[in-house]
DNA sequence: GCTTTTACCATGCACTCGCATGAGAAAGGT
DNA sequence: ACCTTTCTCATGCGAGTGCATGGTAAAAGC
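Chains as they are written, first to last, in this note's numbering: chain A, -6 to 192; chain B, -6 to 192.
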């Protein structure tokens, strides 16, 4: 048996190179050559792990999805009240600092790209429900703990929260909102979901 | 004086050709040649009105912004109750039918693109406040008419509504929501803004 | 009818693109 | 030491890219 290489590691390097290029120069400047250079390998090596450009982009999309998923899961593992967990999960989805802006830039690029690419759209349809059901679960937990109004529809509230996060991304990245403003907006919205504020 | 041509008309043709290509094949497949072919003119003619590709994209962005603005303004001119006007304005921003999906596809592409292009970002920062202040104004009118709770912060509610619209676009275009579902989600959210539901 | 301004077109250039190919380096099994 | 499998690389190809150039219709003023 010959030279053995960690394929997952190589794919990760490629995916992360794609991420950096999308972040710095945008999705239209992603090319096999540029990715190879950014990943510090030859173009042939990239082609060995990824046979086509579309496949490479799909790989990058999947990697960022699990990355975001991991960050969100790490929040859920914290020891805190249900409402705080929900708030922190939502803050994880907002471009509040450099790393979360980085992730959101790339995520936004894929949102646009996935509208035109069927495979990417399928990946989106796969990951989205996971995040939504996690949010809904956190809402239900907060309701059970009396921190959120019981009459809220947890699934709909989860959808609205996720939409809020996604919808503020561009405006924030483009400089219309400061991170503080969008964080305050989240708290404003969460405040109205508390019990006792409803008739 | 020589051959006189309606420049705005030509620019409009170019912008609309860009729109169609973005819609059909995505932003990365926009090229001067393709746009010229789609617009039914020669590449040289396109170059006469637009000196660079970035300028062409910016032109297309501005055109779609005024298009959306016009549609929204047309809603505002209708004769209806303030709350219904707000609801209809919001529905105008959602991909509820083919034309609105068309606009949203292109809008989403520019949202991603504007994160990387400074000129496009500037255009975004210019148009966004107009839409937000219109929404806020409609909210205030509905509050004055007793259709929305008086204690709502109109500006923040406008921001949240706009974020909701933008945030549901990708999920809907990708097939996660049906148009009916996202419309129902909007009504669910608007319902909680009504007066008398607050303590 | 000639000029002048405007609008348009065809073509060329240097470059990059995705992808295919074939050769060769690296490394464990025997 | 040699073979075999795994991995990597350099290069070539045809196509497409943004942009520049030089020339050419077209039409209004004189």
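Cβ atoms here follow ideal geometry from the backbone N, Cα and C, with glycine treated the same way. From a predicted model like this one, the values you see are computed outputs, not experimental measurements.
At least one beta carbon of chain B lies nearer than 8 Å to the beta carbon of residue 153 (chain A). Around the Cβ of residue 99 (chain A), a 10 Å sphere holds 16 or more other Cβ atoms; the residue is buried. Residues of chain B whose Cβ lies closer than 8 Å to the Cβ of residue 169 (chain A) are, in chain order, 117, 118, 121 and 122.
For residue 129 (chain A), the three-state secondary structure derived from DSSP is helix.
Taking 8 Å as the cut-off, the beta carbon of residue 93 (chain B) is found no closer than this to the beta carbon of residue 179 (chain B). For residue 74 (chain A), the three-state secondary structure derived from DSSP is coil.
When secondary structure is reduced to three states using DSSP, residue 172 (chain B) falls in the helix class. Interface annotation for the segment 0 to 30 of chain A against chain B: 18, 19, 20 and 21, criterion Cβ-Cβ distance under 7 Å. Boundaries of the alpha helix (DSSP H) around residue 26 (chain B): 25 to 32. Within chain B, no residue has its beta carbon less than 7 Å from that of residue 45 (chain A); the closest one is some 15 Å off.
For residue 169 (chain B), the closest of A:152, A:5, A:96 and A:91 by C-alpha to C-alpha distance is A:152. Residue burial is scored here from C-beta neighbours: residue 41 (chain A) has fewer than 16 other C-beta atoms within 10 angstroms and is therefore classed as exposed.
Apart from the 5 residues on each side of it in sequence, residue 131 (chain A) sits with its Cβ closer than 7 Å to the Cβ of 75, 78, 79 and 82 in its chain, given in chain order.
When DSSP states are grouped into helix, strand and coil, residue 40 (chain A) belongs to the helix group. In terms of Cα proximity to residue 150 (chain A), the closest of A:118, A:95, A:0 and A:186 is A:186. For residue 104 (chain A), the enclosing alpha helix (DSSP H) stretches over residues 91 to 107. Within the segment 85 to 113 of chain B, the residues whose Cβ lies closer than 8 Å to some Cβ of chain A are 98, 101, 102, 104, 105, 106, 107, 108, 109 and 110, listed in chain order.
For residue -3 (chain B), the three-state secondary structure derived from DSSP is coil.
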